[in-house]
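>
Numbering (this note's numbering), first residue to last: 230 to 779.
1) Using a Cβ-Cβ cut-off of 6 Å (strictly less than) and excluding sequence neighbours within five positions of residue 306, which residues of its own chain qualify?
2) Report the three-state DSSP secondary structure of residue 745 (helix, strand or coil).
3) Would you call the CB atoms of residue 358 and residue 312 closer than 8 Å?
4) What separation, rounded to the nearest whole angstrom, lies between the Cα atoms of residue 542 and residue 510?
5) Could you tell me which residues DSSP pairs with residue 857 in its beta bridges?
6) When the distance is taken between beta carbons, is residue 381 closer than 8 Å to residue 360?
7) To which residues does DSSP link residue 694 through a beta bridge?
8) Among 335, 413, 721 and 676, whose alpha-carbon lies nearest the alpha-carbon of residue 688?
9) Which residue from 644, 690 and 676 puts its Cα closest to that of residue 658?
10) So residue 320 packs on residue 290, CB below 8 Å; how close in whole Å?
11) With residue 400 as the anchor, note down where its alpha helix (DSSP H) starts and where it stops.
12) Which residue comes first and which comes last in the alpha helix (DSSP H) that contains residue 341?
13) Nearest to residue 469 by alpha carbon, out of 504, 318 and 514?
14) Give every residue of the same chain whose Cβ lies closer than 6 Å to the Cβ of residue 762, excluding the five residues on either side of it in the sequence, and list them in chain order.
15) Please classify residue 766 as buried or exposed, where buried requires at least 16 other C-beta atoms within 10 Å of its C-beta.
16) What are the boundary residues of the alpha helix (DSSP H) that includes residue 389?
17) Could you compute how far the alpha carbon of residue 298 sits from the alpha carbon of residue 550?
18) Using alpha carbons as the reference points, say which of 473, 686, 447 and 474 lies closest to residue 464.
19) If you measure between the beta carbons of residue 716 and residue 759, is that distance less than 8 Å?
20) DSSP on residue 663, reduced to helix/strand/coil?
21) Is it the case that the Cβ atoms of residue 300 and residue 328 are separated by a distance below 8 Å?
22) On the criterion of 16 or more Cβ atoms from any shown chain inside 10 Å, does residue 282 qualify as buried, or is it exposed?
23) So for residue 362, helix, strand or coil by DSSP?
24) Just mark residue 443 as buried or exposed, buried being the case when its beta carbon has 16 or more other beta carbons within 10 Å.
25) Could you spell out where the alpha helix (DSSP H) holding residue 767 opens and where it closes?
26) Buried or exposed: residue 293, going by 16 or more other Cβ atoms within 10 Å of its Cβ?
27) Whose C-beta lies closer than 6 Å to the C-beta of residue 650 among residues of the same chain, with five residues either side of it excluded?
28) Give every residue of the same chain whose Cβ lies closer than 7 Å to the Cβ of residue 520, excluding the five residues on either side of it in the sequence, and list them in chain order.
29) Given a threshold of 16 other Cβ atoms within 10 Å of its Cβ, counted over all protein chains shown, does residue 425 qualify as buried or as exposed?
30) What residues in its chain sit with their C-beta under 7 Å from that of residue 467, if we drop five residues either side in the sequence?
31) Which whole-angstrom value is the C-beta distance of residue 362 and residue 405, which I expect to be below 8 Å?
32) In this structure, how does DSSP classify residue 312 when only helix, strand and coil are distinguished?
33) Do you know offhand how far residue 399's Cα is from residue 393's?
34) Would you mind stating whether residue 403 and residue 423 have Cβ atoms separated by less than 8 Å?
35) Kindly indicate which three-state DSSP category residue 455 falls into: helix, strand or coil?
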């Protein structure tokens with residue numbers, strides 16, 4: 230084996246791409262042969278693959294086979310070599326792959342960050358489109374359908390602007406937007422158009438059963454939208470047959486759940502039970518984009534909450550183990566990688582004063598959140614309770630992740646604030662809106678002090694919402710001249726006089742003291758000046774942070 234820098238002399242590009250191309254989807258054993266035997270079949274090359282490309286292909290292979298641990302290791306190796314090579318396009322590809330991996334593992338905050346990094350490094354329109362498409366899928370999983378649609382449309386715009394309208398890759402990306410429209414009940418016109426182009430693509434490549442399976446899945450979704458339940462079952466069965474008989478390393482849970490929902494619409498309990506039987510306890514049933522459908526179908530079949538919990542306990546445990554391992558191996562590795570973002574100030578990194586003690590978290594919030602879960606259970610609304618528990622778990626995970634570091638990305642702070650507002654809005658019944666202006670691209674991956682906006686949002690909820698008379702909170706993130714970040718928190722509560730402002734400060738002494746102390750230390754050690762202003766509105770209060778680079 231001959232190594233030149235990070236170049237490895239190996240099989241020809243054509244042979245390797247064949248192994249990870251069509252056969253990757255249609256014949257797992259053949260793809261495995263190319264992967265496992267690659268070092269034993271070294272030849273004088275006509276072309277050479279870099280180590281990062283080899284590891285990238287390996288990571289892709291393992292991810293689609295749901296071996297997340299192996300995919301995590303290989304993708305980190307691919308990223309390491311891509312950075313050493315200074316290959317920006319490959320770095321973007323690695324971040325995009327990790328975005329998908331982290332999305333599968335329900336590590337959505339990190340997934341969004343990885344996709345944004347992929348977008349920042351994108352050198353080609355294909356890479357940019359792929360990153361946007363990935364972000365669309367994440368927002369679909371999170372249930373933010375407006376953001377999802379925005380990303381899907383942006384994906385197709387990029388491809389159209391580069392002359393790829395209705396190319397095979399365009400069709401694959403359009404597939405996600407078509408599913409989105411169907412899931413939102415927005416009609417079948419676009420989906421039927423995609424189906425027609427899919428048929429043309431199938432005629433060009435009739436041997437690729439991966440393409441057939443996706444086609445049948447789309448048609449099944451169209452049938453579901455039209456309430457053609459039996460036809461939906463037929464097409465989903467066809468997709469399932471191709472996946473299982475072709476040894477494709479796809480999860481077949483999505484097809485079984487679709488068949489189950491059609492069977493539920495027909496009132497056929499026996500069919501739903503038989504359809505669900507092979508997926509009970511599988512890891513995929515614990516993934517967020519399948520979990521709610523699985524719960525609904527299990528309840529339709531008459532399973533008790535105890536039975537469902539028992540079936541899912543091992544799957545959830547295995548998923549948590551993998552999540553922990555991926556987080557542990559990823560964090561230290563990725564923090565040191567070169568990235569298109571602002572570097573942490575050395576003095577600031579070393580400052581132990583800014584390590585966050587999460588004891589500031591309001592214990593009333595924790596007890597109230599658990600009381601809300603109890604409320605849903607007593608109402609026998611276990612589905613809503615399950616969703617709330619999932620949101621609560623995601624919030625705590627993001628909180629602990631943010632508390633480890635003195636600084637976090639702007640986009641991480643936004644995600645944390647949004648997770649907190651979502652929980653409290655569901656509990657107290659108020660509405661909220663997060664407005665992001667120009668906080669994108671490289672600015673989204675700038676660092677700001679961690680957990681400094683969060684206590685202000687908490688104060689607004691405690692003093693203005695619910696029994697205090699307010700029912701809406703706005704949070705604005707905006708930039709100025711690519712140097713300053715402004716964060717405005719507005720509520721429509723009773724407002725505060727000058728006297729009550731002092732009481733307000735004292736009543737939340739721990740939170741406000743934490744903010745003031747962190748601002749002081751950050752200005753001493755960091756590269757930002759931070760100011761905090763309060764302004765009473767005609768109805769409510771506005772608190773503004775300004776982070777300006779020094």
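Glycine included, C-beta positions come from ideal geometry on N, C-alpha and C.
Taking the structure as given:
1) 284
2) helix
3) no
4) 8 Å
5) Residue coverage of the chain in this structure runs from 230 to 779, which leaves residue 857 outside it and unanswerable.
6) no
7) 699
8) 721
9) 690
10) At roughly 20 Å, the Cβ-Cβ gap does not stay under 8 Å, so residue 320 and residue 290 are not in contact.
11) 397-412
12) 337-350
13) 504
14) 773
15) exposed
16) 374-390
17) 10 Å
18) 447
19) no
20) strand
21) no
22) buried
23) helix
24) buried
25) Per DSSP, residue 767 belongs to no alpha helix (DSSP H) and is neither H nor E.
26) buried
27) 661
28) 514
29) exposed
30) 445
31) 6 Å
32) helix
33) 7 Å
34) yes
35) coil
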